[in-house]
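Before any comments, here is the structure.
Residue numbers (the working numbering): 183 to 287.
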């Protein structure tokens, strides 16, 4: 079964600024897509699979930052990585879900 078949949430193409912090570094990147389960980040040198990161996502036209602890689930050098949410508050998840519903219409 491929990773795409395992994915539980539909990903919607969205460019959002995301600040990533990990054990030894931090940086600002942009998402390729988002879902209620995670997102894809554009970056040249992505963290390795299994790396835990803290993400702060600035959604377009949304005042609140979405903060979550995430895990890298795939990476491709020169392209980016996919991450899944490990810890996200109910309030942040609700904001994200509302945003995604608005994008789908």
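Every residue gets a Cβ at the ideal spot worked out from N, C-alpha and C, and that includes glycine.
From residue 235 to residue 205, what distance separates their C-alpha atoms?
-> Inter-residue distance for residue 235 and residue 205 is about 8 Å (C-alpha atoms, whole angstroms).
What distance in whole Å lies between the Cβ atoms of residue 244 and residue 267, which are believed to be in contact at a cut-off of 8 Å?
-> In fact, because the Cβ distance is near 17 Å, the residues do not count as touching under 8 Å.
Residue 272, DSSP secondary structure in three states = Helix.
Cβ neighbour criterion (16 or more within 10 Å) applied to residue 203 | Exposed.
Residue 238 versus 232, 284, 257, 220, residue with shortest Cα-Cα distance = The option with the nearest alpha carbon to residue 238 is 220.
Are residue 241 and residue 273 closer than 8 Å when you measure CB to CB?
-> In this structure, the beta-carbon distance from residue 241 to residue 273 does not fall below 8 Å.
Residues bridged to residue 211 (per DSSP) = Note: residue 211 sits in a beta bridge opposite 200.
Whether residue 264 touches residue 201 by CB criterion (8 Å) = Taking 8 Å as the Cβ cut-off, residue 264 and residue 201 do not qualify as a contacting pair.
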